[in-house]
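I have placed the structure first, in the form of structure tokens, so that the comments after it can refer back to it.
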Amino acid sequence: MPRGDGDFTRGMKPVARAAGARLCRRPAAARPIAKAAWLDAQQFSRSEAAATGPGRTQSRSSPLQVVIVGLLLFPGHAFSAVPPTFEKDIRPILKAHCFECHGEGEKLKGGLDLRLRRLMLQGGDDGPVIVPGKPGQSLLFKLVHSGEMPKRDKKLTREQVALIKQWIAAGAKTARPEPAELGKGGVITEEERAFWSFQPIHQPAIPKTKTKDRVRTPIDAFLVSALVKQKLGFSPDAEKVTLLRRACFDLTGLPPTPAEVAAFLADTAPDAYEKLIDRLLDSPHYGERWGRHWLDVAGYADSDGYSDADPPRGYAYKYRDYVIRSFNSDKPFDRFITEQLAGDELARAPQGKPEAALDPLRRELLIATGFLRMGADGSATPALAAPDAVRNQVVADTIKIVSTSLLGLSVGCAQCHDHRYDPIPQTDYYRLRAVIEPAYDWKNWRTPDQRLLSLYTDADRKKADEVEAEAKKLAEEKETKQKQYIDEALTKHLEKFETPLRDQLRAAYDTPADKRTAEQKKLLADNPSVNINAGVLYQYNQKAADDLKAMDAKIAEIRGRKPPEDFICVLTEPADKVPVTYLFHRGDPKQPKEPILPGALSVLTPPGQSVELPSKNPDLATSGRRLAFARWLTSGTNPLVARVLVNRVWQHHFGRGLVGTPSDFGVMGERPSHPELLDWLANDFVEHGWQLKRLHKLIMTSTAYRQSSRHDPRREQRDPENRLYWRKPVQRLDAEVIRDAILAASGSLNEAMFGSPVPVRPDVHGQIVVGIDKTEGDNKMPVEVPLKGEEFRRGIYVQVRRSRPLAMLHAFDAPVMEVNCERRQSSTVATQSLMLMNSQFILDQAARFAQRLHAEAADDRVREVARAWQLAFSRNPSVSELADALEFLSRQADHLQTVVEETVEKAKKDEKAKPATKPPPELQALTDLCQAGANCKPSPISARRCSVRTNSSTWTSQD
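Take a look at the structure:
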């Protein structure tokens, strides 16, 4: 179901899933790289990302070949008076491929350090490795050119080898005098600090344009200024119904109702569209739609993962509900971030202070810290692996969630060594770890169950104690009676045995099991009828068994009068206890090295300065580290956070971000397609109070958003990938939205908000479906338990089990939360059509949709078809569509009637054959029409070209 107009399939290729690949993200090697990135010698630190060749050549190149390579691949250097320099061009290559052995370690391999030019001149065990001006005599060039170095699979590309040769031939220049010493930790150069994403956000001037009629917002001005350079412009505005559906799906994830369509079309006021956006932003469904986007990057799941058991996380949904409430209330995003990172410190609620959870405001802050509890966690089952390794992985995953969601950087590489591409030293990774380690002290670990806070009040607890005392008294009476009944039954049964065997059996029975002799054990084993217990008492005294059963029921009834106890899952720190964070050698927690203090990324501060976070805030019982970190992130001076956030919002509205790698703003990520626009949006977002709804309206009222998505071959020639936004990109709906839209059309949608997740289970075919996991019989066959409408709640409320992704959502790229999902895939594969043709969910919803049409259209075929189009596509069918649909219904009903008659005739001849009970042929034909509509592109139904089980290649409907 695309959000644009026109053919969804045009220009899009199916994305095949690699076995075992993470669903939400393509492998790094497959990420798109802007063409200019690897051709621009001024940014050649990205050369590794662009490598597609084998990385070496087996034959020696002639001088002429080298010159040609230089002219073609490095035109900036070939014609520039400035030769390549070590810091800008060579160091990034060596850092990515060589520093691990020749620079970072405590012991240099071959005694060679490649981190400075002068150290290369000094050389190692084999002497100097460069001879300025003479690459042929330079050991460095000879080794990389032959492929002998680097070892393993880290070979340099031909382009990188050529650049090293060019650098040496030009004299092996540096950009500036080198430092006298490097000291410990990674070195960050001026070139690395100058990278675009590490620069302060500035406020660019809004471009002045000549085409003012299409410039509705500053966004349009920035885009038009780029479009006109390519002799392009925006496409015409989309039709009103298309805009309505686009806005509804974008902001609420639900299609507009026929009444909403009629009202919007009837509103001819100039600000009708702006009023629509305001109404959708005020809808409670807005928080459900946009909360789901945040839950992806937060790694939300309702289970602990890590093992096949995948234990449920019973109270994780409280965090989900907090996120939805926060989006609906338009909570300033800086506050939203701070609450999630340090809500417990804002609430002044250290460990051991459960009363904080009883205050509604403080409870909300504590629930927010669920953000830092979302990572998979196997620490409750330490037998799976070494406890230290499991705990260390939980911390590592938490750091990844924080860094990718807020900083747009993956710092995980620096856990074991300096980051190979980005300027993130290993010490910086452990500075971030020191921020959260007081709450994740791996030496004083709290398992998932120990992180729960009870919401019992003193009155609740007093009432529960009184009820339990009453139940316990009755349970003791029952225990006494049970012993009496068993003793009576045993005495009577032993009368069947002769002495002395009778006495021997009695003595063996009365002896505690752990103190019985071997002879007594054998005696009881040979006479199993003597082993009378409560479970078999009914065989000896049915009246006594019934009496005990009644007492059990009474005990359960009494305990049922306890106030229900609820919990929240939180992250807190112990009071006045701050653990020391150590740098782990090669990331191994068993090899701690020097202690590390908390801090921020060094590259985001001027040379010689750093953001030192307090080791212990004297005004708080806890360390205060996370609160200080959150305030630094949201201070407005951080160059990453606002850029990352507005880029994600843009991505969800346009299908891709201004930066195409939303969680990689580093060297290996894409450069922004419109850097000035990105900075203007980020600056505007911060200046206007981090208000997300305002940002939505700014984007959605732009011409760029409102334009048609129709294909134009002439424009496509100039901008094949639509990087300049000459049309609105077409997007496939997210998995949850597809399911929700089907439920809405059929009239089944349950709009209840919040609360426990809708459970999932495997069905008889092994598919994961909505339902309570219950089995019976020796074969453990699944049993269906009625959910009383809960199964029709929105997708955001369906349980997210890491080991049990709901089949309907999984088919459409809903992520499996190994850690978090930085960007979902949007694939178009045949299995999706098979799901829409064969899944029981679709069959059931098609039947419900048909029943709705039948009821609302009073058995009028024309009205039924018209109503189907209105509910599914927000429009009336065309004349040809109506004719095709009516012809389909007629033919299908005739066919089904024939099948019924043949079945009846067969049943007359064969007594064992009973005709199945099915709806009348007319209603079944209508059901088939509804089902076929989910599998055919518009026009969705044609009796001549589309039957119920055909057209598996497209499944979308028109806006």
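With this note's numbering as the guide, the letters of the sequence shown map in order to residues 82 to 1040.
Glycine included, each C-beta is placed from N, C-alpha and C at the ideal position.
Bear in mind that the values here come from a model prediction, so they are computed numbers and not experimental data.
Look up residue 404 in the DSSP assignment and say whether it is helix, strand or coil. Looking at residue 404 - three-state DSSP - the assignment turns out to be helix.
In whole angstroms, what is the alpha-carbon distance linking residue 676 and residue 668? 14 Å
Span of the alpha helix (DSSP H) holding residue 223? Where residue 223 is concerned, the enclosing alpha helix (DSSP H) stretches over 220-227.
Residue environment, residue 835, which counts as buried when at least 16 other CB atoms sit within 10 Å: exposed
Please name the residue in 978, 987, 696 whose C-alpha comes closest to that of residue 1002. Considering only alpha carbons, the answer is 978.
Going by alpha carbons, who is nearest to residue 301 out of 841, 806, 875? The shortest C-alpha separation from residue 301 is found at 806.
Three-state secondary structure (DSSP) at residue 274? helix
Which residues in the same chain have their Cβ closer than 6 Å to the Cβ of residue 923, if we skip the five residues on either side of it in sequence? Correct list, in chain order: 917.
If you count every other CB in all the chains shown that lies within 10 Å of the CB of residue 52, and 16 or more means buried, which is it? Outside the modelled stretch of the chain, which goes from 82 to 1040, sits residue 52, for which no answer is possible.
Chain-order list of residues whose beta-carbon lies under 6 Å from that of residue 174 (same chain, five-residue window excluded): Result list for residue 174: 241, in chain order.
When the distance is taken between beta carbons, is residue 913 closer than 8 Å to residue 893? yes
Cutoff 6 Å; reference residue 461; Cβ partners in own chain excluding five residues on either side: 528, 529
State buried or exposed for residue 817, treating a residue as buried only when at least 16 other CB atoms are found within 10 Å of its CB. buried
Suppose the cutoff is 6 Å on Cβ atoms and the five residues either side in sequence are ignored; what does the same chain contact list for residue 762 look like? 727
Between residue 789 and residue 889, what straight-line distance do the alpha-carbon atoms span, to the nearest angstrom? 30 Å
Is the beta carbon of residue 435 less than 8 Å from the beta carbon of residue 703? no
If you check the beta carbons only, do residue 391 and residue 883 fall under 8 Å apart? yes
Does DSSP put residue 385 in a helix, in a strand, or in coil? coil
Terminal residues of the continuous alpha helix (DSSP H) containing residue 376? Boundaries of the alpha helix (DSSP H) around residue 376: 365-379.
Simplified DSSP assignment, three categories, for residue 195: coil
I'd like the list of long-range same chain contacts for residue 672, defined as Cβ closer than 8 Å, with 5 residues on each side in sequence excluded. Closer than 8 Å at the Cβ level, and outside the excluded window around residue 672, lie 665, 666.
Any contact between the stretch 168-184 and the stretch 228-242? By contact I mean 3 or more CB pairs, one from each, below 8 Å. yes
Closest to residue 964 by C-alpha separation, out of 311, 944, 955, would be which residue? 944 is the residue among 311, 944, 955 whose C-alpha sits nearest the C-alpha of residue 964.
Start-to-end residues for the beta strand (DSSP E) that takes in residue 662: 662-665
With DSSP as the reference, label residue 1005 as helix, strand or coil. helix
Contact check, residue 712 vs residue 419 under 8 Å by CB: the rounded distance? 7 Å
N- and C-terminal bounds of the alpha helix (DSSP H) containing residue 533: First-last for residue 533: 533-535, but that is the beta strand (DSSP E), not the alpha helix (DSSP H).
Just reading off the beta strand (DSSP E) that residue 650 is part of, what are its end residues? 648-650
Using C-beta distances below 6 Å, list every residue in its chain close to residue 314, excluding the 5 sequence neighbours before and after it, in chain order. Close CB contacts of residue 314 within its chain, under the 6 Å cut and outside five residues either way in sequence, are with 308 (chain order).
By Cβ distance below 6 Å, which residues in the same chain neighbour residue 478 in space, the five residues on each side in sequence not counted? Closer than 6 Å at Cβ, skipping near neighbours: 456, 900.
Sequence-distant residues of the same chain with beta carbon closer than 6 Å to residue 766, five excluded per side: 723, 727, 776
Checking the sheet assignment: what are the DSSP bridge partners for residue 839? 879
Taking only the alpha-carbon atoms, compute the straight-line gap between residue 292 and residue 778 and give it to the nearest angstrom. 22 Å
Taking its Cβ as the centre, do 16 or more other Cβ atoms sit within 10 Å of residue 750, making it buried, or is it exposed? Buried, since its Cβ has 16 or more Cβ neighbours within 10 Å.
Please list the terminal residues of the continuous alpha helix (DSSP H) segment that includes residue 1042. It is not possible to answer for residue 1042, since the shown part of the chain is limited to 82 through 1040.
Pairs of beta-carbons, one from the stretch 870-886 and one from the stretch 363-381, closer than 8 Å: are there three or more? yes
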